[in-house]
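The sequence shown: position 331 = 379 (the numbering used here), numbered continuously. We treat Cβ as the ideally placed atom computed from N, Cα and C, and that holds for glycine. As the structure is a prediction and not an experimental result, all values here were calculated from the model. All remarks here apply to the structure that follows.
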Amino acid sequence: MIGALIDFALRNRLMMLGASLVLFIWGVISFHNLPIEAYPDVADTYVQIITQWSGHAAEEVEQQITVPLEVNLNGVAHMTHLRSVSLAGLSVITIIYDDETTTFNARQEVLDRLQQAVLPTNVNPALGPDYSPTGQILFYTLKSTNPKYDAMELKTLNDWRVRNQLKSVPNVVEVNIFGGPTREYQVQLDPGKLVAYSLSLNQVEQALAANNTNAGGGFIERGQQALNIRAVGLMSTTDDVAATVIKVINGTPIRVRDVANVVQAPKVRLGQLGKAIRKEDGTVLDDDDVVEGIVLLRKGTEADKTLDALHAKIAQLNNGILPPGVKLVPHLDRSDLVHYTTHTVLRNLTDGVLLVTLILFLFLGNVRSALIVTITIPFSLLFAAILLDLNHIPANLLSLGALDFGMVVDGSVVMVENILRHMEYSGRRTSFLETIGIAAHEVQKPVFFARIIIIVAYLPIFTLQRVEGRLFRPMAWTVAFALLGALLFALLIAPVLCSLAFKGTIKEWKNPALDLLNRYYRSTLDWCFAHLDFTLAMGLVAVAIMLFLGFGGVVGSEFLPHLDEGAIWVRGTLAPSSGPTAGIDLARRARQILASFPEAKQVVSQVGRPDDGSDASGFYNTEFFVDLWPRARWRSQFKTKDTLIASMDEALNKLPGVDWNFSQPISDNVEEAVSGVKGELAVKLFGTDLKTLEQKADEIQTAMAKIPGV
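Here it is, written out as structure tokens:
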């Protein structure tokens with residue numbers, strides 16, 4: 049059958065060229081439309097339940113919220129794990145599912161279960177947004193040169209205007225707000241006056257609730273019109289609150305202003321954001337209270353198109369929607385990383401094509417044959433892009449980087465070289481096309497089965513499940529599709545191109561370097577056959593050494609491939625009981641230390657958690673986004689990113705009582721989603737005696753601290 053296909057291609061050369069051109073154009077279009085991700089989305093399907101209960105201790109939250117919710121949620125279909133965190137005023141439960149469920153079905157069943165939970169009054173659990181760990185696609189801050197807009201005004205603007213505008217962009221599932229004081233109308237009661245008027249706190253609360261509402265009164269007709277009647281009672285100013293009547297004593301109304309002061313003041317802070325910008329002259333502009341927004345991409349949607357729409361929306365906001373002097377300034381934009389890494393991969397692919405072309409020319413000794421073999425590379429890549437696009441499989445940097453040009457051009461090299469050899473020795477005994485057909489038939493089976501064997505070698509990867517499968521299956525599909533395209537090119541298109549590129553008798557070039565290598569190879573092979581026992585022993589020793597290096601811990605390993613994101617994510621951990629003053633002070637000092645490095649463009653610090661409870665943390669946790677300049681602007685002593693991190697770690701370790709950890713923004717999110725903890729490696733202890741657990745935890749910490757790299 050393979051021979052019949054080759055004969056058909058040679059008899060219909062124009063048709064094969066036309067089909068190849070169509071595939072080439074189709075591939076270019078598919079590659080342009082193909083979404084390219086920095087990281088594959090490796091997270092399991094999950095649903096997060098966030099419940100806030102302000103003012104209550106972690107123990108109460110655990111007993112009255114977390115445990116009742118866990119009891120109701122246990123047993124949901126396809127659940128594999130259930131994680132929970134109980135902090136002061138916050139409960140966060142995360143349910144992990146297997147691959148057989150969808151996010152929609154999982155969220156729907158959780159909503160049904162939540163209706164059955166018995167919780168304290170006015171406690172309402174909510175589902176977290178439907179996004180993946182790689183879905184934080186844009187971070188921004190609001191910058192103001194307008195004196196009317198301080199941090200509190202910017203926070204209000206971010207909550208009510210910017211957030212709603214950005215959420216109108218397709219596939220933006222949520223915008224998390226971090227930093228800035230939240231405006232609050234506070235009624236500061238005087239206990240002495242409450243006693244004097246015989247009032248209770250409950251009476252004041254009831255009066256405020258009853259008077260802060262509108263009421264409808266039907267309608268009246270006036271001429272041809274119907275006018276709605278309503279009583280407007282919603283409070284809009286502090287004067288409205290202060291004028292509220294609590295009680296009437298002997299015909300005299302007792303108002304809120306009689307027993308309290310009504311002011312606008314910030315809500316109790318759960319977290320704070322700071323930002324330091326290093327200018328070109330080395331000066332650092334440090335702001336201790338900044339308002340930030342984090343744009344979240346809906347799980348399973350394309351980041352590129354969403355980011356393009358976000359950029360257009362940001363331009364609208366900055367050019368008319370926001371007040372004068374207020375600008376939205378992104379400081380972490382996923383498109384920058386994708387464009388940079390994609391450009392790097394494409395540049396490496398181009399360099400690889402040129403290098404392969406040069407090597408082929410040197411060894412084949414014929415420019416036309418080298419070019420024919422080289423065309424295999426773009427053809428196979430575009431063929432893979434067509435199949436990836438048809439199967440809705442996004443490309444990522446891991447899958448693109450896994451393409452091996454040697455495997456891709458191997459079949460075409462064998463096919464073209466054999467055709468050249470036959471054309472040299474065929475003379476006029478056979479026709480031109482018959483010679484090419486005979487040469488192609490001679491190697492058709494080796495070329496076919498060599499490609500199929502390599503594709504079959506990737507089959508185990510397709511059986512991987514959950515995180516491993518989502519990480520490596522796109523790579524396996526990409527390589528398999530590219531090899532399939534290379535096989536089609538080698539069997540059907542390369543002979544047709546040879547029939548058009550070569551005419552008459554071809555003189556094969558004898559490469560002196562290759563001849564020399566052949567002579568050494570033959571002599572070495574003869575010696576190995578003459579000393580067979582020694583050769584087999586050396587082979588076994590080599591296999592043993594490779595096994596030792598691979599599985600003996602000599603060569604390190606990484607679960608996720610290392611991708612330089614152009615930034616550093618630093619985490620500082622204080623004692624769990626640390627308060628806001630300690631956390632904010634640490635963030636300020638560490639931010640200034642990190643910003644003192646000329647390699648840092650800007651440093652954004654966050655302490656605690658946002659008001660919506662989407663990040664289960666406290667003031668003991670401080671995180672820093674360090675945006676780096678390109679490597680060309682680094683000082684000479686920092687040859688690698690690791691040396692820069694080591695220098696930053698040394699400077700930060702001068703701050704006492706803090707454990708420091710270094711990662712990257714996306715890597716940190718993915719590792720936290722996979723492990724469930726804020727770190728790359730976690731040891732979990734289980735038991736009933738808290739003191740014993742703490743003792744054993746200290747012992748484990750001491751032992752692990754001696755391990756290199758920790």
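8 Å contact criterion, which residue i and residue j should meet: CB distance rounded
i, j, result
"residue 304", "residue 289", "6 Å"
"residue 323", "residue 335", "5 Å"
"residue 404", "residue 392", "Residue 404 to residue 392, Cβ: 18 Å. No contact."
"residue 55", "residue 485", "6 Å"
"residue 663", "residue 82", "With a Cβ gap of about 33 Å, residue 663 and residue 82 do not count as contacting."
"residue 542", "residue 460", "5 Å"
"residue 157", "residue 124", "5 Å"
"residue 359", "residue 652", "Residue 359 to residue 652, Cβ: 20 Å. No contact."
"residue 228", "residue 203", "3 Å"
Coil, strand or helix - residue i by DSSP
i, result
"residue 127", "strand"
"residue 708", "strand"
"residue 617", "strand"
"residue 737", "coil"
"residue 87", "coil"
"residue 333", "strand"
"residue 452", "coil"
"residue 756", "coil"
"residue 656", "strand"
"residue 370", "coil"
"residue 310", "strand"
"residue 443", "strand"
"residue 404", "helix"
"residue 669", "strand"
"residue 376", "strand"
"residue 676", "strand"
"residue 628", "helix"
Option nearest residue i by Cα separation, candidates the options
i, options, result
"residue 799", "706, 339, 521", "It is not possible to answer for residue 799, since the shown part of the chain is limited to 49 through 758."
"residue 439", "78, 551, 681, 257", "78"
"residue 85", "214, 355, 243, 747", "355"
"residue 616", "112, 649, 59", "649"
"residue 184", "410, 569, 89, 147", "89"
"residue 467", "449, 420, 348, 448", "420"
"residue 141", "659, 164, 113", "113"
"residue 719", "610, 746, 653", "610"
"residue 505", "590, 525, 568, 194", "525"
"residue 657", "337, 350, 317", "317"
"residue 198", "402, 371, 567, 310", "371"
"residue 194", "374, 67, 220", "374"
"residue 428", "522, 536, 350", "536"
"residue 57", "449, 446, 212, 482", "482"
"residue 297", "349, 244, 677", "244"
"residue 49", "697, 493, 584, 223", "493"
Residue environment, residue i, which counts as buried when at least 16 other CB atoms sit within 10 Å
i, result
"residue 48", "In this structure the chain extends from 49 to 758, so residue 48 is not present and cannot be described."
"residue 285", "exposed"
"residue 575", "exposed"
"residue 647", "buried"
"residue 216", "exposed"
"residue 319", "buried"
"residue 621", "buried"
"residue 208", "exposed"
"residue 70", "exposed"
"residue 451", "buried"
"residue 499", "buried"
"residue 169", "exposed"
"residue 352", "buried"
"residue 741", "exposed"
"residue 160", "exposed"
DSSP beta-bridge partners of residue i
i, result
"residue 224", "342"
"residue 276", "267"
"residue 381", "186"
"residue 240", "Per DSSP, none; premise fails for residue 240."
"residue 325", "333, 650"
"residue 302", "295"
"residue 132", "141"
"residue 99", "139"
"residue 319", "656"
"residue 234", "311"
"residue 191", "375"
"residue 119", "None; residue 119 has no bridge partner."
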